[in-house]
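J.: Structure in structure tokens, see below.
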Amino acid sequence: QVQLVESGGGLVQTGGSLTLSCVAPLRRFSADTMAWYRQGAGKQRELVASLTSEGKANYADSAKGRFIVSRDINKATVYLQMNNLEPEDTGVYYCNAPMNPYQWGQGTQVTVSS
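Per the working numbering, the sequence shown starts with residue 1, numbered consecutively.
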């Protein structure tokens with residue numbers, strides 16, 4: 001089965017930074033809009049950032065000014081650089097292609113301590 005593989009999570013203090021990576025199938029990566037989602041404990045999965053194949057990025061209000069989404073087409077990898085992290089950013093982070101979704105991957109846990 002085709003899967004997305006997220007990595008890069010960890011435990012950081014408030015104000016710290018992390019960069020998440022997600023490797024997607026190469027065959028359609030260059031054409032897909034890719035997105036990062038977050039699911040906090042007991043909460044629904046929410047969209048954090050997206051990046052179109054043309055390079056247009058969009059961010060949730062909570063991520064604006066702190067997160068940067070990017071992609072490396074040759075590596076079929078989408079990144080989420082997260083700066084100035086806050087406890088509210090804690091959760092499991094997933095990537096997917098919102099217009100043509102894959103099966104969800106295992107995600108990567110981000111924990112921000114206060």
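Positions of the beta carbon are idealized from the N, C-alpha and C atoms, including for glycine. Note that this is a predicted model, so its numbers are computed, not measured.
What ranges does the beta strand (DSSP E) occupy inside the region 16 to 66, keeping only unbroken runs of at least 3 residues that lie completely in it?
T.: The region 16 to 66 contains these whole beta strand (DSSP E) runs: 18 to 23, 34 to 39, 46 to 51, 57 to 59.
J.: A76 and A60 - do their beta-carbons sit closer together than 8 Å?
T.: On the sequence shown, position 60 is the one that residue 60 refers to. On the sequence shown, position 76 is the one that residue 76 refers to. Cβ atoms of A60 and A76: not closer than 8 Å.
J.: Using only the alpha-carbon positions, how far apart do L20 and V110 sit?
T.: Locating residue 20 in the sequence shown gives position 20, where the first residue counts as 1. Locating residue 110 in the sequence shown gives position 110, where the first residue counts as 1. Taking the straight line joining both Cα atoms gives about 9 Å.
J.: Just to confirm the assignment, what range does the beta strand (DSSP E) spanning L80 have?
T.: To locate residue 80, count along the sequence shown from 1; it is residue 80. Taken as a continuous stretch (DSSP letters only), the beta strand (DSSP E) holding L80 covers 77 to 82.
J.: Decide if N100 is buried, meaning its Cβ has at least 16 other Cβ atoms within 10 Å, or exposed.
T.: The residue given as residue 100 occupies position 100 in the sequence shown. Looking at its Cβ environment, which holds fewer than 16 other Cβ atoms inside 10 Å, N100 is exposed.
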